[in-house]
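Have a look at the structure below before the remarks.
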Amino acid sequence: MPGLHSLIARLLDVTLVVLGSLVASHVRFEDLAQSRLDTAFVAFAAAFTLVLFPMFGVYGSWRGRAMLRMIGQVSLAWLVVQGCGLVLMFSLHRSDFISRLWFAYWTGMTGGALVTSRVAVHMVLARLRYAGMNLRHVAVVGCGAHCQQVVRTIEGAAGSGFRAVAAFDARPVISTAGSGVPVYDDVGKFAAYVRTHDVQEVWLALPLSEERTISRFVAEFRDDLVNVRFVPDMRSVALFDSGMIDLIGMPAINLVASPVPARALVKKEIFDRIFAACALLALAPLLLAIAIAVKCSSRGPVFFTQKRKGADGQIFKIYKFRSMRPHVVESGVVKQATKDDPRITRVGAFLRRTSLDELPQFFNVLRGDMSVVGPRPHAIEHDELYQKVVNGYIHRYRIKPGITGWAQINGFRGETDRIEKMQERVEHDLYYLRNWSFGLDMRIVAATIAKGFVHSNAY
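Mapping of the sequence shown onto my numbering: residues 5 to 463, in sequence order.
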């Protein structure tokens, strides 16, 4: 059945790609007979869809996974398909035959249809699961409060398709684990319940110290058609919530490492380059106007450059529009801008207040030094100071720094005159790292556009 579902999903996606091109052509030209529909481009897009969508995990099981993440992956996969199609058409010298407006309509309509179809299926399945259908029964093995927490988490996500039906508490404190789920302390009775009540999943929600208990339950269900999954309680040792990875063929769990997997970073990189290129093209007139205003405001270069740390601590030069008058800088000392700072020009004050001075950083994104979304980079001198006094500060550099970030849209930007301010900013950056998804990046970009350009703390 999973294979049949995947085949149907592939056929539906190809159908939506073709229908989207026809509808876009009708909207653009109103008369299909006069349209400039490029059938070769549509055929290439359909073929790229079949090849690239599986690489982005679009056809994998989404049971228990966030819908926003699904939307983000489908959207990114479709944009990559269209990007590959454009490159191929340019290579074949057929780009002049393509209506740009038709292409924009097609991309938007088909992308919307691909997302809508999946959201509709997701909602239908959620309704069925709330009604008690299409469920997988789960038995949880855990210790005390963590065991109860896992059961409550399953119950709180009723639309995910899982239902907790039993629990085994290795350190029993109560006889039920919420909502009447029975708790066992006898392995034989627990195993009998699993085998006689059609339980498909056994989740071992145990700390690493319970190695003997883990081995015991794995051995108990080794000859049963039951999925045994390890959901480790890593709260006491892990910095980030990390899943299992493949390390030169060996299973491993990251305790202190980048929580964003390499495959996700590739998707983020593709989005960054495309977004930065489009932003620089769209903002070219504004960038030129700001450059002229900066040059006329005071003597000195148009751009201000400063060394910052990137991913894994790599040094790069960050670009900004110059907002201050040229002044003597003491070696090894960086003085943060303050309110009514006399060094700031009138044009510079406006640029800093609206964050327009940050726009040249799209060149950094295009060069690969930065990301569109990520923790904001600080001066190297500040890094050396805060690394010693702010918990978790260094882990901000597990990924590329960004033009905007989770901390910035939540009000933590501008001067950090107290350690407490920097600690709160870092906590927001670490939250972003723990919860990264393409959907979260889109949310941050949208919030930045909606409310992030002007802020009272930016001076």
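For every residue, glycine included, the Cβ atom is placed at its ideal position computed from N, Cα and C. Keep in mind that this is a model prediction, so the values were computed, not measured.
Taking 8 Å as the threshold (C-beta atoms), are Phe307 and Asp373 in contact?
no
Rounded separation between Ala261 and Asp316 - CA only
11 Å
Look up Leu208 in the DSSP assignment and give the residues it is bridged to.
Val145, Phe234
Own chain partners of Leu83 with C-beta closer than 6 Å, once the 5 adjacent residues on each side are dropped
none
From the DSSP secondary-structure annotation, give me the bridge partner or partners of Tyr323.
Thr309
Leu15, DSSP secondary structure in three states
helix
What residues in its chain sit with their C-beta under 7 Å from that of Lys311, if we drop five residues either side in the sequence?
Ile319, Lys321, Ile384
Contacts around Ala280, its chain only, beta-carbon distance under 6 Å, and the 5 residues preceding and following it disregarded:
Phe366, Val369, Leu370
Could you tell me the alpha carbon to alpha carbon distance between Asp433 and Asn414, rounded to whole angstroms?
11 Å
Same chain, Cβ closer than 8 Å to Ser179, five either side skipped, listed in chain order:
With a pLDDT of only 49 at Ser179, under the threshold of 50, the placement of this residue in the model should not be trusted; the figure read from the coordinates follows. Taken in chain order, the residues that qualify are Pro186, Val187.
Option nearest Cys147 by Cα separation, candidates Ser213, Leu92, Ile102, Ala108:
Ser213
Which residues in the same chain have their Cβ closer than 7 Å to the Cβ of Ala81, if we skip the five residues on either side of it in sequence?
Leu56, Phe57, Phe60, Val62
If I follow the unbroken alpha helix (DSSP H) through Phe48, where does it start and stop?
43 to 59
Please report how far the alpha carbon of Ala49 lies from the alpha carbon of Val430, in whole angstroms.
42 Å
What did DSSP end up calling Phe221 once you bin it into helix, strand or coil?
helix
I think Val351 touches Ala297, with their Cβ atoms under 8 Å apart; what is that distance to the nearest whole Å?
5 Å
Reducing DSSP to helix, strand and coil, say where Ser301 ends up.
helix
Per DSSP, Gly406 is paired with what?
Ser375
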